[in-house]
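For reference, the structure is listed below as structure tokens.
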Amino acid sequence: MGSSIVNLLGPAEIRTLADKLDLRPTKRLGQNFVIDGGTVRRIARVAEVSPDDVVIEVGPGLGSLTLALLPEASRLVAVEIDPVLAGQLPLTVAERAPGLADRLTVVRADAMRVLPAELGGAEPTALVANLPYNVAVPVVLHLLQVLPSLRKGLVMVQSEVADRMAAKPGSKVYGVPSVKAAWYADVRRAGPVGRTVFWPVPNVDSGLVALARRDPPPTTASREEVFAVVDAAFAQRRKTLRAALASWAGTPAAAETALRAAGVDPSLRGEQLGVEQFARIAENHP
Numbered sequence: 218m219g220s221s222i223v224n225l226l227g228p229a230e231i232r233t234l235a236d237k238l239d240l241r242p243t244k245r246l247g248q249n250f251v252i253d254g255g256t257v258r259r260i261a262r263v264a265e266v267s268p269d270d271v272v273i274e275v276g277p278g279l280g281s282l283t284l285a286l287l288p289e290a291s292r293l294v295a296v297e298i299d300p301v302l303a304g305q306l307p308l309t310v311a312e313r314a315p316g317l318a319d320r321l322t323v324v325r326a327d328a329m330r331v332l333p334a335e336l337g338g339a340e341p342t343a344l345v346a347n348l349p350y351n352v353a354v355p356v357v358l359h360l361l362q363v364l365p366s367l368r369k370g371l372v373m374v375q376s377e378v379a380d381r382m383a384a385k386p387g388s389k390v391y392g393v394p395s396v397k398a399a400w401y402a403d404v405r406r407a408g409p410v411g412r413t414v415f416w417p418v419p420n421v422d423s424g425l426v427a428l429a430r431r432d433p434p435p436t437t438a439s440r441e442e443v444f445a446v447v448d449a450a451f452a453q454r455r456k457t458l459r460a461a462l463a464s465w466a467g468t469p470a471a472a473e474t475a476l477r478a479a480g481v482d483p484s485l486r487g488e489q490l491g492v493e494q495f496a497r498i499a500e501n502h503p
């Protein structure tokens, strides 16, 4: 599968299309459209989408990344909350990649709430998206939770968000997004993205984050129980776990008992623990 049969959108064409739709990118929806063909081709390449993959793309916007992904996948499900953009995308694909139009399914929905039943029978195996900065982490966590068929992903997010998602224990930026993402997947930074590939140009840099699904740590605790410990530990991240988990356990003494039963030093802070240790703490809830 090659991309030679697709006529990608250039910067001038993207602006012309936006004018036609009377579209002004909004901060509320976090809309920054990719206008650089080299960048969308790079994303499609780094995502390692194969001919048997079903891709879910969140926020396809005017379709620049969609056009780069369609030749590589067996099917692409585009989830778009904006009704104007959702209506235009099939027309753009039909015009620029007519031979691939049957691979595209557009779902008008909020990606933070979309459910498998809304995806037209598709079982996505790969998430590839330029995610709005303000919802990137909740969208990724929601899709990993409700779509067990997802095996891999490559998302473009604000650089600081990429750092937090891929952070390891002990890092200054390690926190709730890092631990919760690690519950589902191995997460790593997959390269920087400059500001000038977007329209409008944002005032922050971006980065690529690669996800490879893996099993959660073996535990008798549920995901919800583990995540409750994570939330409590980082709600007061400067406090020791004995203090930070006091409300979760009932008292500081009960928190200390649970921590010691889990083999975790009560004087540590949440940023020093991996997801496996949080799971062990959850198992020992008083």
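Just so we're aligned: the sequence shown equals residues 218 to 503 in our numbering. Every residue gets a Cβ at the ideal spot worked out from N, C-alpha and C, and that includes glycine.
For D403, the enclosing beta strand (DSSP E) stretches over residues A402 to V410. Inter-residue distance for A470 and A463 is about 8 Å (C-alpha atoms, whole angstroms).
The Cβ atoms of V294 and P341 sit closer than 8 Å to each other. Secondary structure note for K237: it is in no beta strand (DSSP E), and the uninterrupted alpha helix (DSSP H) holding it is P228 to K237. Comparing alpha-carbon positions, the option among R486, R258 and A264 lying closest to G280 turns out to be R258. By the criterion of a C-beta distance shorter than 6 Å, A384 is surrounded in its chain by V390, Y391 and S395, once the five residues flanking it on both sides are discounted.
If you check the CB distance, Q494 and A479 come in under 8 Å. Annotation: the continuous alpha helix (DSSP H) that includes G254 extends over G254 to V263. Apart from the 5 residues on each side of it in sequence, A379 sits with its Cβ closer than 8 Å to the Cβ of R406, S423, G424, L425 and V426 in its chain, given in chain order.
With a cutoff of 8 Å on beta-carbon distance, L344 and L367 are scored as near each other.
Within the same chain, and ignoring the five residues on either side of P315 in sequence, no residue has its Cβ closer than 8 Å to its Cβ. In the displayed model, I498 falls within a helix according to three-state DSSP.
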